[in-house]
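*Asks:* Residue numbers (the numbering used here): 8 to 274.
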Amino acid sequence: MLTGIVTMIVMLKSKEFHTLPYFIVANHCAVDIFSLTSVGYYVASAFISQKVLNEHLERVMGFVGDYGWYTSGSFLILFAFTRMLKLHFTEASFRIITRRFIVLCSLSIYLLYALLCGTHLFSKTASVHSCMNFSTWCYDLDTDFGQLMDKFSYLYDIVCPLILITINAITIHYVHKTGNLAIGNQLHRISLRQKEIKLFAQCLIGSTFFCLTCLIYFLSNYVENTTCILGVIMHINWVLNHANSPVVYFIFNGAIQQSIKKFLIRG
């Protein structure tokens, strides 16, 4: 959440805020900030009081939690995918990855998960509730929609990291390839490419560990202590991957580096 807030402040102060990568990252950070702040406050309050604060609020927080989780991950994929295309298909990417394309993709992500997760708000019986033991959310498997979302979360938590692993691996190859093409006095370009490779590698490692812990988590048959520990590891990996991905774009852009330095120095 803090990473998202700092990133958003830097973007708002930068003149390059209207570029397409900024738009994708801004959506990713905005969703993270909104969902994590809302759900974090509610879960902490419910955990401290050890009771459900309000049934209707519980439904709303279930929607916000799921909506933020799924849209944020999808924006990560969109960001990594557009970066990969721009590296390998430079000329074609300018025709394909237009402002209209990015806006339509973003709206599609928002609408898709609004329709899916919105059932939490309008179903006859609550399909999600806060789980006091783990300070998180659980689906009610006695409801049809709860069972559907439980299966969907399993699928999403495996497929999303697998897609990110694939895209990050391909992007590392493309970045390395374009970096090797630098000649003469382009040492700065080579240095930036090396930084970009390191950051994409961090995203790759984070996605890989998240995917592996998901598999172990789902195969552990819900042994209480095991699931709790694996759940913590899994969420830490996901947070690290969220933090790394937006930084990939910032770190090798000179103008953005200056904006970040000014923000850190002046506040």
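Just so it is clear, CB atoms sit at the ideal spot from N, CA and C, and this is done for glycine as well.
If you drop the 5 nearest sequence neighbours on each side, which residues of the same chain put their C-beta closer than 7 angstroms to that of F30?
*Replies:* I109
*Asks:* What residue range does the alpha helix (DSSP H) around F82 cover?
*Replies:* 62-95
*Asks:* What's the C-alpha gap between S52 and E65?
*Replies:* CA-to-CA, the gap between S52 and E65 works out to about 12 angstroms.
*Asks:* Going residue by residue through the region 92-124, where are the continuous alpha helix (DSSP H) segments of at least 4 residues, counting only ones entirely within it?
*Replies:* 97-103, 106-124
*Asks:* Residue range of the alpha helix (DSSP H) that T126 falls in?
*Replies:* 126-129
*Asks:* Is it right to say V166 is buried, meaning 16 or more other beta carbons lie within 10 angstroms of its own, or is it exposed?
*Replies:* Classification of V166: exposed, given that the 10 Å Cβ count is below 16.
*Asks:* Identify, in the order they occur along the chain, each residue of the same chain with its Cβ nearer than 8 angstroms to the Cβ of D157, setting aside the five sequence neighbours on each side.
*Replies:* Y146, L148
*Asks:* I'd like the list of long-range same chain contacts for L188, defined as Cβ closer than 8 angstroms, with 5 residues on each side in sequence excluded.
*Replies:* In this prediction, L188 scores a pLDDT of 48, lower than 50, which makes its location untrustworthy; the coordinate-derived value is nonetheless stated afterwards. Excluding sequence neighbours, L188 sits near nothing in its chain.
*Asks:* If you draw a straight line from the alpha carbon of D151 to that of S81, how long is it in whole angstroms?
*Replies:* 25 angstroms
*Asks:* In three-state terms, what does DSSP make of K158?
*Replies:* helix
*Asks:* Tell me, please, whether the CB atom of E65 is closer than 8 angstroms to any CB atom in chain B?
*Replies:* Any reference to chain B falls outside this structure, which holds one protein chain only.
*Asks:* Exposed or buried, what is T105 when buried is set at 16 or more other beta-carbons lying within 10 Å of its beta-carbon?
*Replies:* exposed
*Asks:* Are the beta-carbon atoms belonging to L92 and S100 less than 8 angstroms from one another?
*Replies:* yes
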